[in-house]
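Under the working numbering, the first residue of the sequence shown is numbered 4, with each subsequent residue one higher.
Backbone N, C-alpha and C fix where the C-beta goes; we use that ideal spot for every residue, glycine too.
For reference, the structure is listed below as structure tokens.
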Amino acid sequence: MLTDLLQTSYFAIFLIVALGFMLGRIKVMGLSLDVSAVIFIALAFGHWGVSIPKELGTFGLVLFIFTIGIQAGPGFFHSFRSKGKTLILITLLIVASACLTGVGMKYLFDIDTPSIVGLIAGALTSTPGLAVAIDSTQSPLASIAYGIAYPFGVIGVILFVKLLPKLMGVDLNEEAHRLEKERRSQFPELSTCLFRVTNPAVFGRTLSQLNIRAMTGAVISRLKQGEEILIPKAHTVLQEGDCIQAVGSENALNSLALMLGEREEGELPLSHTQTIESLLLTKKDMINKQLGELNLQKNFGCTVTRVRRSGIDLSPSPELALKFGDKLMVVGEKEGIQAVARLLGNDVKRLSDTDFFPIAMGIVLGVLFGKLHISFGGGMTFSPGLTGGVLMMALFLSAIGKTGPIMWSMSGPANQLLRQLGLLLFLAEVGTSAGKTLVATFQESGFLLFGVGALVTLVPMLLAAIVGRWVFKVSLLDLLGTITGGMTSTPGLAAADSMTDSNIPGVAYATVYPIAMVFLILFIQLIALVIV
4 MLTDLLQTSY
14 FAIFLIVALG
24 FMLGRIKVMG
34 LSLDVSAVIF
44 IALAFGHWGV
54 SIPKELGTFG
64 LVLFIFTIGI
74 QAGPGFFHSF
84 RSKGKTLILI
94 TLLIVASACL
104 TGVGMKYLFD
114 IDTPSIVGLI
124 AGALTSTPGL
134 AVAIDSTQSP
144 LASIAYGIAY
154 PFGVIGVILF
164 VKLLPKLMGV
174 DLNEEAHRLE
184 KERRSQFPEL
194 STCLFRVTNP
204 AVFGRTLSQL
214 NIRAMTGAVI
224 SRLKQGEEIL
234 IPKAHTVLQE
244 GDCIQAVGSE
254 NALNSLALML
264 GEREEGELPL
274 SHTQTIESLL
284 LTKKDMINKQ
294 LGELNLQKNF
304 GCTVTRVRRS
314 GIDLSPSPEL
324 ALKFGDKLMV
334 VGEKEGIQAV
344 ARLLGNDVKR
354 LSDTDFFPIA
364 MGIVLGVLFG
374 KLHISFGGGM
384 TFSPGLTGGV
394 LMMALFLSAI
404 GKTGPIMWSM
414 SGPANQLLRQ
424 LGLLLFLAEV
434 GTSAGKTLVA
444 TFQESGFLLF
454 GVGALVTLVP
464 MLLAAIVGRW
474 VFKVSLLDLL
484 GTITGGMTST
494 PGLAAADSMT
504 DSNIPGVAYA
514 TVYPIAMVFL
524 ILFIQLIALV
534 IV
């Protein structure tokens, strides 16, 4: 009966996934394979004659790559625009040196191209890289080589990260304390302060005339004149002895003190008609609009004191472009707050809703883009292919955010679910397909492939450590995050996090991971298409 059931693809898939998760949860010396264990179970099932339809694997591949691109899009383009250009250069060094090492080993030991691209993907523990390797070569050898190189790809990065601070003689706790002070000055914390108007130069002048937001960077949230507490408006006239409550960075509040007068202790209470609320931006029409365009002060008598995005408080400048899911701290009259809530959407349910039209349309556009052939002259053409087309389209759509009424973003839980589903279908299919020739391949050249895979793992990390530390003078915490991100190694990041309470490795990892993932995919595809 079991033999008959294994011939039905739906039963085989769920059995492979279940056994894969069981194996993935087993820890040896604190290490586990996690979801990657599915491919090892699938390899075994493939060796025993079980097969999964290729269409299911392709369906999973498309889902997986699209959700990766949707999540990575904003981070990918932001990385190029941000100040982390040094970290990006180190990341490109990691990816390029891994690929060059692999190509060099190919010619030195006469290894076939599908195996080399599989080794590179496995050595950098990159499942998207494996997807591209399989799609570009149409060979099961890529999956087998990936399976051979993957274990050291995981363990090697973890051991390297653990040993690097000792080899360089760096105390991570001292380094974290120094860097945290530097970084805090770049992203100043917002605080609230009370001021008494004592500067004669501002008596009788309106808030619009003083242009406080532009002059100091602080935002006035409320004002007390006599016994009356007001929500400040552009035409509000300052008088001697007024109390003003403002929000801003320490530098902004110091500038405001120089303009208005002296600081005071305490906080102004809200009147019974006023309130302060945190409102969610969930309405499509508001996405990408600048805060100043909404003119909340003039239209609703409300003031935004801060904007919270991805756990960070942002100063509400008029030029700030709003994003889906932003939390705006708004103070004003209750009726005005209700009107602003309607304007922004403020619908918690929308954060978890999943619209399948953008997903389907995005994948269709990606598949069509992947079919394009770009000519470079001399008879050489380049096509993004299925994975490249879907990934590039997802990155682009995610970065622009929305097109008319279509919103290209996806909630975190929905993205994670579809990505996991796609990954499991893909791993089950490619694993069973590769398992048919696994034993013969390993008997023929398995130990050679393992050694080459280990070399592809170690060489990029050594180069990155030397160049990053002694050429670019990067801090070790940043370097650990950059190395693990460049190697696309989440277990490596976990090892770095376990050695420090600082979030600096995680920030560096998040900055470079999209770059590493995209360029590894492109380099692997280039190797598969150009090198014979």
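6 Å CB neighbourhood of residue i in its chain, flanking five on each side removed
| i | result |
| --- | --- |
| residue 97 | 463, 467 and 489 |
| residue 432 | 55, 59 and 60 |
| residue 53 | 9, 15 and 435 |
| residue 494 | 157 and 161 |
| residue 310 | 317, 319, 329 and 331 |
| residue 279 | 334 |
| residue 239 | 210 |
| residue 87 | 514 |
| residue 453 | 151 |
| residue 350 | 285 |
Opposing strand residues paired with residue i [DSSP bridges]
| i | result |
| --- | --- |
| residue 15 | Bridge partners of residue 15: none, in fact. |
| residue 248 | 197 and 225 |
| residue 324 | 293 |
| residue 316 | 311 |
| residue 209 | 240 |
| residue 218 | None, per the DSSP bridge assignment. |
| residue 409 | 406 |
Same chain only: Cβ atoms within 7 Å of residue i, ignoring 5 sequence neighbours per side
| i | result |
| --- | --- |
| residue 339 | 303, 304 and 305 |
| residue 255 | 219, 220 and 221 |
| residue 193 | 250, 251, 252, 309, 316 and 318 |
| residue 510 | 484 |
Whole-angstrom distance between residue j and residue i, CA atom to CA atom
| i | j | result |
| --- | --- | --- |
| residue 76 | residue 276 | 43 Å |
| residue 342 | residue 372 | 43 Å |
| residue 26 | residue 40 | 6 Å |
| residue 477 | residue 471 | 5 Å |
| residue 20 | residue 273 | 56 Å |
| residue 164 | residue 457 | 15 Å |
| residue 212 | residue 223 | 14 Å |
| residue 214 | residue 120 | 59 Å |
| residue 532 | residue 388 | 11 Å |
| residue 337 | residue 236 | 16 Å |
| residue 366 | residue 133 | 19 Å |
| residue 355 | residue 362 | 15 Å |
| residue 261 | residue 253 | 13 Å |
| residue 173 | residue 497 | 19 Å |
| residue 465 | residue 234 | 59 Å |
| residue 177 | residue 482 | 15 Å |
| residue 18 | residue 143 | 22 Å |
| residue 45 | residue 168 | 38 Å |
8 Å Cβ shell around residue i - same chain, five flanking residues per side excluded
| i | result |
| --- | --- |
| residue 459 | 101, 104, 105, 108, 122, 123, 126, 127 and 152 |
| residue 267 | 197, 198, 199 and 246 |
| residue 347 | 282, 283, 284, 285, 286, 289 and 331 |
| residue 50 | 438, 439, 441 and 442 |
| residue 293 | 321, 322, 323, 324 and 325 |
| residue 364 | 409 |
| residue 449 | 151 |
Within 8 Å, strictly: CB atoms of residue i and residue j
| i | j | result |
| --- | --- | --- |
| residue 242 | residue 225 | no |
| residue 461 | residue 251 | no |
| residue 130 | residue 422 | no |
| residue 530 | residue 116 | yes |
| residue 480 | residue 182 | yes |
| residue 90 | residue 485 | yes |
| residue 418 | residue 73 | yes |
| residue 179 | residue 500 | no |
| residue 390 | residue 68 | yes |
| residue 404 | residue 412 | yes |
| residue 264 | residue 195 | no |
| residue 99 | residue 118 | no |
| residue 359 | residue 93 | no |
| residue 519 | residue 491 | yes |
| residue 114 | residue 430 | no |
| residue 455 | residue 112 | yes |
| residue 135 | residue 527 | yes |
| residue 428 | residue 63 | yes |
Range of the contiguous beta strand (DSSP E) that encloses residue i
| i | result |
| --- | --- |
| residue 330 | 330 to 336 |
| residue 281 | 277 to 283 |
| residue 232 | 231 to 233 |
| residue 268 | Neither: residue 268 is in no beta strand (DSSP E) and is coded neither H nor E. |
Span of the alpha helix (DSSP H) around residue i
| i | result |
| --- | --- |
| residue 431 | 415 to 438 |
| residue 353 | 351 to 355 |
| residue 97 | 88 to 112 |
| residue 52 | Unbroken run through residue 52: none, as it is neither H nor E. |
| residue 372 | 359 to 373 |
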